[in-house]
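The structure appears below as structure tokens.
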Amino acid sequence: MTVDKILFAFFAALAVASAILMITRRNIIHGAVFLITTLLATAGIFLLQSAEFLFVVQIILYVGGIMVLFVFVIMLVNLDVTMRLVQFNHQRIVAGVLALVLAAQVGFAFYMGRNLLPPASREPMPAKNTEAVGAALFQHYMLAFEIASILLLVAMVGAVVMAKRKV
Amino acid sequence: MIPAEYYLMLSLALFTVGVIGVLTRRNVIIILMSIELILNAVNINLMAFSRLWSDVNGQVFAIFIITDAAAEAAVGLGIILAFFRNRETVLADEMDLLKW
């Protein structure tokens, strides 16, 4: 068992365990902290897949940006009343079983198609990962990049309008 | 090197946990966080295939997905704040103004 297999097992177990804890906790703040753990473990997985740029983006943007936003909103809307209520809705059993059936279907599809995957390419990823991502982003995907920036602008305006007391 | 199937299985597990969270929880903030989890599972898949072909395009798509997640979180949390100000609740099954 090589080092990267051990690292993969560690990060994968951490990600799945804290994801399960995230959706079962009664206190939302605890859920947010467990989601942060999942995101950090996912960042570790990205590093194992030699995606160094995405590793940094994941930590700075997800853990540093989005999760801070979540924690702020949780503090603004956190009601002690909510914590004492039933946490799951009345369709929980049907919904859980259906989600597991969906997972079994997709897993079965993976199992049937496991030989269709090409063998992993022997050549390593481009050595300068950030340069390669930047070149692809600003040359081939320039239009998509601009559309994404407009999307972010619209989302920013929308968030301000939604959170304003009086429109 | 770790085979791509392992990453696909991990991604499937995270996706399933996210779907269960979206379908069964009552708290809207947990539902939004589960959606973030689902988007993360997709990113793991993209990375796995990017690694499989030693091609950097998958990582560019993951950047776009992270952008989408950020936009979705900002607008979604704004909606939750506005709704909480009007109705004093964050429970999904009490958001039934359009139901009759």
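Those protein sequences? They're chains A and B, same order as listed. Quick note on my numbering: the first sequence kicks off at 1 and runs consecutively. Quick note on my numbering: the second sequence kicks off at 1001 and runs consecutively. All C-beta atoms, glycine included, are put in the ideal place defined by N, C-alpha and C.
>> Between the alpha carbons of A136 of chain A and V1056 of chain B, how many angstroms are there, rounded?
In response: In the first sequence, the residue the question calls residue 136 of chain A occupies position 136. In the second sequence, the residue the question calls residue 1056 of chain B occupies position 56. In this structure, the alpha-carbon of A136 of chain A lies about 8 Å from that of V1056 of chain B.
> Along chain A, in chain order, which residues have C-beta atoms closer than 9 Å to that of L1091 of chain B?
Replying inline: Locating residue 1091 of chain B in the second sequence gives position 91, counting from the first residue. Within chain A, the residues near L1091 of chain B are T82, L85, N89.
> Nearest-angstrom Cα distance between V3 of chain A and S1054 of chain B?
Replying inline: Position 3 of the first sequence holds residue 3 of chain A. Position 54 of the second sequence holds residue 1054 of chain B. For V3 of chain A and S1054 of chain B, the gap between their C-alpha atoms comes out near 21 Å.
> If you drop the 5 nearest sequence neighbours on each side, which residues of the same chain put their C-beta closer than 6 Å to that of V56 of chain A?
Replying inline: Indexing the first sequence from 1 puts residue 56 of chain A at position 56. No residues qualify anywhere along the chain.
>> With H, G and I counted as helix, E and B as strand and the rest as coil, what does DSSP make of R26 of chain A?
In response: Position 26 of the first sequence, counting from 1, holds the residue named residue 26 of chain A. Three-state DSSP puts R26 of chain A in coil, outside helix and strand.
>> Please report the distance separating the alpha-carbon of M173 of chain A from that of L76 of chain A.
In response: Here chain A covers residues 1 to 167 and nothing more, so residue 173 of chain A does not appear.
> In or out: Q91 of chain A buried (at least 16 other Cβ within 10 Å) or exposed?
Replying inline: Sequence index remark: in the first sequence, residue 91 of chain A carries index 91 (1-based). Looking at its Cβ environment, which holds fewer than 16 other Cβ atoms inside 10 Å, Q91 of chain A is exposed.
> How is the alpha helix (DSSP H) around D1068 of chain B delimited, first residue to last?
Replying inline: Locating residue 1068 of chain B in the second sequence gives position 68, where the first residue counts as 1. Taken as a continuous stretch (DSSP letters only), the alpha helix (DSSP H) holding D1068 of chain B covers 1057-1087.
> Would a check of beta-carbon distances place N1086 of chain B closer than 8 Å to chain A?
Replying inline: One-based indexing of the second sequence puts residue 1086 of chain B at position 86. So no, N1086 of chain B is outside the interface.
> If you count every other CB in all the chains shown that lies within 10 Å of the CB of L1039 of chain B, and 16 or more means buried, which is it?
Replying inline: Position 39 of the second sequence, counting from 1, holds the residue named residue 1039 of chain B. Burial call: buried.
>> With three or more C-beta pairs closer than 8 Å as the rule, is the region 1068-1086 of chain B touching the region 157-166 of chain A?
In response: A contact exists between the region 157-166 of chain A and the region 1068-1086 of chain B.
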